[in-house]
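Per UniProt numbering: the sequence shown ends with 114, consecutive numbering throughout. No residue lacks a Cβ here, since even glycine has one placed at the ideal position from N, Cα and C. Being a predicted model, the structure only gives us computed values, none of them experimental.
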Amino acid sequence: AKQIKIYTKNIPEKKQVWIYYPKSTQSDHPSREYPIVQSYVDIFIRGCIKVEEKFNIKDFAKECILTTDNWPEQHWVNDRIYPRRPSTYEPYARKIDGLLKELLPKQFKNIRIE
């Protein structure tokens, strides 16, 4: 999207940047014991969709997915039925699944239902 500027080195002063980096005691890589859970992926992508809609930024959600590194090819679980976080409904589930299926087809195919 032309409206998005990706900075790979120095970020100019007085620019607003979003960084999602969790503090963790386990490995930085997902495992069977600590998989990526869909309910948290939903939070991230829902935020991207809302920014796209609010500021009318074409393909912002796609850019969020494509510019996020290290999407796992395994150890990703769909916990929407019984979320590991306190929420029971994801209103953007269909749109999120469509984006993931389009942009990360190999990973999407390997998500297991919990």
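Straight-line spacing of the CA atoms in residue 73 and residue 95 works out to 20 angstroms. Close CB contacts of residue 36 within its chain, under the 6 angstroms cut and outside five residues either way in sequence, are with 30, 72 and 76 (chain order). For residue 17, no alpha helix (DSSP H) encloses it, and the DSSP letter there is neither H nor E. Its chain contains 73, 74 and 76 as the residues whose beta carbon lies nearer than 8 angstroms to that of residue 110, once the 5 sequence neighbours on both sides are disregarded; these appear in chain order.
Each residue's CA atom was taken as its position, placing residue 100 and residue 108 some 6 angstroms apart. If you look at residue 40, you'll find it in the alpha helix (DSSP H) that goes 38–55.
Straight across, the Cα-Cα distance linking residue 80 with residue 5 is about 33 angstroms. Residue 58 and residue 52 have their C-alpha atoms spaced approximately 6 angstroms apart.
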